[in-house]
Amino acid sequence: MATTTENTSQGQGSAGGAQAGLRDLLAGLASFRFALTVVLLLAVACIVGSVLPQGEQVDRYLAVNPGAQGRMQVLAVLGLTHVFSSWWFVGLLVAFAASLLACTARRFGAIRRATGPARLRVLGSFVTHVSILLVLLGGVMRVLWGEKGVLGIREHQLVSQYEGPKGLRPLPFSVHLQKFEIEMHTAPVVAGTIGTLLVEWPEQALRREFPVALHQTWEVAPAGEVATTGNTCRIQVLRYLPDLVVGGAVQEAVSRSDEPNNPALQLQVVVGGTTSTNWVFARFPDFGAHGAGAAAHPLRFRFVSAGASAAPRSRQIKAFTSTLQLVEGGVVVREAVVRVNAPLSYRGYTLYQSGYNPQDPAWTSLQVVRDPGVVLVLTGFVLMLVGLTVVFCVSPGMASRAQGTGLKT
Amino acid sequence: MTLTQLFNLALACYFAALVSAVIQLFGKRRFFDVVALVLLLGGFVAQTVYLGMRWAEAGRAPFSNMFESLVLFAWTIAAVYLVLRIRVRVPWLGAASAAFCALALAHASSFESAINPLVPALQSNWLSFHVMTCFLGYGAFAVAFLSGIGFLVADRRGSAAAPETRAALEGIVSGTISFGFLFLTLGILTGAVWANSAWGTYWSWDPKETWSLVTWFIYAIFLHCRFVRGWRGQPASWLAILGFLSVLFTYYGVNFLLSGLHSYGSK
Ligand code: HEM
């Protein structure tokens, strides 16, 4: 967004012509108008990507709105159902980086030319722009050379590979899980029910209502028929989450709080020998009623949550901890306790406490991440804050002090 | 005093500050201006004590749900306004800020206020830092928004509004946006560092993250237009208004409109 045009000399001959062309291109890339256009387009793309269902959200959206199949296909062809990994979004990021690079390069000379507080300001914005480039570069490195996956492990097991997006991947060391612990909050148990579950079997004109209780099994069979495995549906409530979110990089369903913001039940339904699991949401009664997941059984569910007072607080998890040993060539090279928010890094790999299995308390899953760009990203973050602080705090402070003492800058 | 009493006291102070500031606007009595300032300061102090007590009671920073974040929002708006008030006095802005604080607190009281334990991912010092910095930014952007509106109103009335008032509002818009931008950036970056320490991903294009980036872009455009291109007055005010609408959507709209299954909840 340079305000001055610094290239006045004209090239001569064909080599000079190419040079002049290059210079024009650079000037165009460094122009205010180009930068403004790119940033505006990026903002619009972000809005589109946050409003339209993306990636795996598309299936969930289609489950709720089965009529939108055609529309979703059109969006998919246009690259609007995976905005942030589409070629055109990547192109916009490249244009953004080019614009930043061009104008940062052109402003380099301005640092020397400026004096006093103005110089600091120019230097600060220079550092800010460079820091954004560093963050982008770090992101590119992660996409190109990063790895990510999940390592499932039971207590006393030794594991040296993890499940990546393209299958099993080896680790340059082995992980030994000494101990896995789940600590619960000790808040008082709140009496009361979670709510009621209404079960409907439309074809059989059957309608039953149950008070929800965890792990209890109910059976429904058509009235007047002898109950057999063929005509009986068995329903069990596996989990109750008062505030379901699909969180974390592994997209697991977890409860974000005890408040009934998004009460959900996970049900296991067994009918005619087939078992299926599905979620029922108090706030989204139609979710999952149609679409692929619902075909396994003929039942319809409706969950009426009892509300805030019913949240069984005693069940909320306070912390997960895994005591790990890292083993290399038969020798323990590292011992550490890994918690959520306190991962363990070794030889470029970082292990994060991730999942657990309510049925198997000795098992846990660790997320494995290798990100060669993260150092650049974090350096970029620090530089960005330094640059902005200089622009908005240090330089104005100096300027007002200079004014206060009557100095002219 | 109990938490509830302090909360009500703060709300009452902000409301009374609004009333006296409005009386001052129409009656032009200096006395009511001082009363409004004292009341606003009283509300701020009550709220500060409230936040401190809640922090002690919960054993963690009280910034983790819709109720708590709205209380924090009111507190940062009051803080930004009071700091500004040391330098400049624009009566209209006092009334508008008091109104915003009262509104945020009144709205907070419609949410469940119980102190709840945190799920493991939220148990991090980064959370306090992340929310605090974001909301300081939001508070500054709120004041910039009010000043932008104030400027447009003053400008429409043409010569009736004192030129000093317009110049002061213009200065407040760019000053608060510069401050807010620094803190919004700090907020986004601490959020990214936190996500990286909890999940190994500093950015995942979650709607909340994406909208914070949109907001960041809008204010970056403001800063360039203002400081590189020299925009002032009306266009700058409109950008300040647009930026704050984006803030509101990031904070509020994403939770309630884009929630679906991916509701980040009320951060
Ligand atoms: C969205 C990302 C960007 C951020 C956060 C950013 C940040 C900043 C900041 C904080 C300043 C200092 C403003 C002031 O003087 O008060 C600045 C100045 C400036 N920016 Fe950016 N910028 C961004 C993108 C760009 C792009 C893409 C260009 C390229 C055309 C650009 C060109 C400039 C120029 C020419 C200045 C004036 C610098 C000087 O005085 O040397 N910026 N930027």
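If you read the protein sequences in the order shown, they are chains D and L. Per our numbering, the very first residue in the first sequence carries number 887; after that it's consecutive. Per our numbering, the very first residue in the second sequence carries number 10; after that it's consecutive. Cβ coordinates follow ideal geometry from the N, Cα and C atoms, glycine included. Computed from a prediction, not measured in an experiment: that's the story for all the values here.
As assigned by DSSP and simplified to three states, the class of residue i
{"i": "D:Gln-1064", "result": "strand"}
{"i": "D:Ile-1039", "result": "strand"}
{"i": "L:Ser-118", "result": "coil"}
{"i": "L:Ile-158", "result": "helix"}
{"i": "D:Ala-1180", "result": "With a pLDDT of 48 at D:Ala-1180, under the threshold of 50, the modelled position of that residue is not reliable, and the figure given next carries that caveat. Residue state, collapsed to three classes: helix."}
{"i": "D:Phe-1206", "result": "strand"}
{"i": "D:Gly-902", "result": "helix"}
{"i": "D:Asp-945", "result": "helix"}
{"i": "L:Val-256", "result": "helix"}
{"i": "D:Ala-1073", "result": "Reliability fails at D:Ala-1073, whose pLDDT of 46 lies under 50, so the model's placement of it is uncertain and the value that follows must be treated cautiously. Note: D:Ala-1073 maps to coil in three-state DSSP."}
{"i": "D:Gly-1216", "result": "coil"}
{"i": "D:Ile-1018", "result": "helix"}
{"i": "L:Trp-240", "result": "coil"}
{"i": "L:Leu-12", "result": "helix"}
{"i": "L:Trp-212", "result": "coil"}
{"i": "D:Pro-1056", "result": "strand"}
{"i": "L:Lys-37", "result": "coil"}
{"i": "D:Gln-1297", "result": "Past the boundaries of the shown model lies residue 1297 of chain D; chain D is included only from 887 to 1295, so the question cannot be answered."}
{"i": "D:Gly-1025", "result": "helix"}
{"i": "D:Ala-1175", "result": "Reliability fails at D:Ala-1175, whose pLDDT of 48 lies under 50, so the model's placement of it is uncertain and the value that follows must be treated cautiously. Residue state, collapsed to three classes: coil."}
{"i": "D:Ala-1285", "result": "helix"}
{"i": "D:Gln-1245", "result": "coil"}
{"i": "D:Tyr-918", "result": "Before going on, a small fix: residue 918 of chain D reads as Phe here, not Tyr. It is helical."}
{"i": "L:Arg-235", "result": "helix"}
{"i": "D:Pro-1229", "result": "coil"}
{"i": "D:Asp-1129", "result": "strand"}
{"i": "L:Leu-127", "result": "coil"}
{"i": "D:Pro-1097", "result": "strand"}
Beta-carbon separation (whole angstroms), residue i vs residue j, contact threshold 8 Å
{"i": "L:Phe-190", "j": "L:Tyr-228", "result": "5 Å"}
{"i": "L:Phe-253", "j": "L:Ala-151", "result": "6 Å"}
{"i": "D:Thr-1163", "j": "D:Leu-1153", "result": "7 Å"}
{"i": "L:Leu-114", "j": "L:Leu-20", "result": "5 Å"}
{"i": "L:Ser-29", "j": "L:Phe-41", "result": "5 Å"}
{"i": "D:Phe-1059", "j": "D:Arg-1233", "result": "7 Å"}
{"i": "D:Val-924", "j": "D:Ala-1000", "result": "Wrong, their Cβ atoms sit about 26 Å apart, outside the cutoff."}
{"i": "D:Arg-1040", "j": "D:Leu-1063", "result": "7 Å"}
{"i": "L:Thr-185", "j": "L:Ala-163", "result": "Not quite, the Cβ-Cβ distance comes to about 17 Å (not below 8 Å), so this is no contact."}
{"i": "D:Pro-1108", "j": "D:Leu-1092", "result": "6 Å"}
{"i": "D:Leu-1037", "j": "D:Val-1045", "result": "6 Å"}
Burial state of residue i, where buried means 16 or more other Cβ atoms lie within 10 Å
{"i": "L:Ile-86", "result": "buried"}
{"i": "L:Lys-217", "result": "buried"}
{"i": "D:Thr-1014", "result": "buried"}
{"i": "D:Asn-1243", "result": "exposed"}
{"i": "D:Asp-875", "result": "Here chain D has residues from 887 to 1295 only, and residue 875 of chain D is not among them."}
{"i": "D:His-1183", "result": "buried"}
{"i": "D:Pro-1051", "result": "exposed"}
{"i": "D:Ala-1181", "result": "With a pLDDT of only 49 at D:Ala-1181, under the threshold of 50, the placement of this residue in the model should not be trusted; the figure read from the coordinates follows. With fewer than 16 other Cβ atoms within 10 Å, it is exposed."}
{"i": "L:Ala-25", "result": "buried"}
{"i": "L:Phe-192", "result": "buried"}
{"i": "D:Asp-1246", "result": "exposed"}
{"i": "L:Gln-33", "result": "buried"}
{"i": "L:Gly-52", "result": "buried"}
{"i": "L:Ser-275", "result": "Confidence is the limiting factor: at L:Ser-275 the pLDDT is only 33, short of 50, which leaves the residue's position unreliable, though a coordinate-based value still follows. Buried, by the Cβ-count rule."}
{"i": "L:Ser-156", "result": "buried"}
{"i": "D:Asp-910", "result": "exposed"}
{"i": "D:Val-1260", "result": "buried"}
{"i": "D:Leu-1030", "result": "exposed"}
{"i": "D:Arg-957", "result": "exposed"}
The ligand FAD heavy atom lying under 7 Å from the CB of residue i
{"i": "L:Ser-213", "result": "Inclusion of the ligand FAD in the displayed structure is not the case, the ligand content consisting of the ligand HEM alone."}
Neighbouring residues, chain B, relative to residue i (Cβ below 8 Å)
{"i": "L:Ser-206", "result": "The question asks about chain B, but that chain is absent: this structure's protein chains are D and L."}
Quiz item: Are there three or more Cβ pairs, one per stretch, closer than 8 Å when the segment 1004-1022 of chain D is compared with the segment 979-991 of chain D?
Solution: yes
Exercise. With a floor of 4 residues, list each alpha helix (DSSP H) that falls wholly inside the segment 63-109 of chain L, ordered by position along the chain.
Key: 75-96
Quiz item: With contact counted as at least three CB pairs below 8 Å, one residue from each stretch, are the segment 1236-1254 of chain D and the segment 172-182 of chain L in contact?
Solution: no
Quiz item: Should the segment 1260-1268 of chain D be called in touch with the segment 213-223 of chain L, which here means at least 3 C-beta pairs below 8 Å?
Solution: no
Practice problem: Would you be able to state if there are at least three C-beta pairs under 8 Å between the segment 57-67 of chain L and the segment 1271-1289 of chain D? | Solution: no
Quiz item: Given 8 Å as the limit, is there contact between the segment 227-241 of chain L and the segment 912-925 of chain D, that is, 3 or more CB pairs closer than that?
Solution: Yes: the two stretches touch, three or more of their Cβ pairs being nearer than 8 Å.
Quiz item: Would the segment 130-137 of chain L and the segment 97-108 of chain L be scored as touching if the rule is three or more Cβ pairs under 8 Å?
Solution: no
Quiz item: Are three or more beta carbon pairs between the segment 961-977 of chain D and the segment 935-943 of chain D nearer than 8 Å?
Solution: Judged by Cβ distances under 8 Å, the segment 961-977 of chain D makes contact with the segment 935-943 of chain D, as three or more pairs qualify.
Quiz item: Taking contact to mean at least 3 C-beta pairs separated by less than 8 Å, is the segment 1096-1110 of chain D in contact with the segment 1121-1132 of chain D?
Solution: yes
Practice problem: Please go through the segment 1143-1167 of chain D and give each complete beta strand (DSSP E) segment of 3 or more residues, from N-terminal end onward. | Solution: 1150-1157 and 1160-1167
Practice problem: Pick out the complete beta strand (DSSP E) segments inside the segment 935-979 of chain D, 3 residues or longer, and give them in chain order. | Solution: none
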